[in-house]
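Heads up: the structure comes next, in structure tokens.
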Amino acid sequence: MEVAALCIRLLMMVLLLLIVQVDFSCSQTADEAFPQVVQDRQQHFEYDPIEVSCEGLEGLTGWRVMRKVKEKDVKTCSPDWTTSTGPCKITNAFQTSDSGEYWCEMGGKKSNAVNITVTTGSVILESPVHPVKQGDAVSLYCISKLTSSNITAEFSKNGHVMESRSTGNLTIESVSTSNEGLYTCKISGVESPGSWLTVRGESYHWFNIHLFYCIKLYLPYLLYAEVCG
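Right, here's the structure in full:
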């Protein structure tokens, strides 16, 4: 009886820890497989500061920010491999040297990539740097570095004009995969670069991967509980 009572108490403690850990490890969203970008947009003006961070990805530290610019060789953000962990901080962004793909690597792990576009033009489209979840509201902002008030912006998708907005922003209330595409905006005849909007639904494949991970991680605890019982 005493052994059984002890096993029950141990089982309750394990279950409590299990709930906490599952909430942290097994309910992550797909966004967490991407590096974070400050400011949180795909497009940036030349000379803007940009920061790309991988720290805390999957609850781990020590990630390296990798990048590929203009189809050139893959490199770390820092020219020195031994000191390249931590955020990638670009003080003054340049179109030729900083536009490209950025992702995180550590050991054999690799995150998804984000695209960053640095432009010498005067208009950019502010759009999500990560895929957006189906059903969420998404706002697109047309930004001019020459003026900040009374902006009428024309928004286009895949080369076709959608509509003009005097507020300079366009909100899609409930996005679906039909909203995926290449978006641009135009202010006073000046057009922004294009940015691709990706919409994701519930990922069955992703769920199965994390379910397998959770079972593998916690199966010893469950077997122990069964033996004690």
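Using mature numbering (1 follows the signal peptide of the UniProt record, and there is no 0), the letters of the sequence shown correspond one by one to residues -27 to -1, 1 to 202. The beta-carbon is built from N, C-alpha and C at its ideal position, and this holds for glycine as well. None of these values were measured; they are calculated from a predicted model.
- Per the Cβ contact rule, the stretch 144 to 162 is in contact with the stretch 95 to 108 (3 or more Cβ pairs under 8 Å).
- Residue state for Q68 is assigned as helix, using DSSP reduced to three classes.
- A Cβ-Cβ contact shorter than 8 Å links D71 with V91.
- Going by C-alpha positions, I63 is about 13 Å away from G73.
- Restricting attention to beta strand (DSSP E) runs no shorter than 3 residues, the stretch 60 to 105 encloses them at 61 to 63, 73 to 79, 87 to 92 and 96 to 99, ordered along the chain.
- In the structure shown, E24 falls within a strand segment according to DSSP collapsed to helix, strand and coil.
- Here R37 is near E78, since their CB atoms are less than 8 Å apart.
- Between the C-alpha atoms of E136 and Y114 there is a straight-line separation of about 13 Å.
- When rounded, the separation of the alpha-carbon atoms in K82 and Q15 is 24 Å.
- Here S137 carries a strand assignment [DSSP, helix/strand/coil].
- In this structure, N152 sits away from S112, with a CB-CB distance that is not shorter than 8 Å.
- A Cβ-Cβ separation of about 5 Å places R173 in contact with P104 under the 8 Å criterion.
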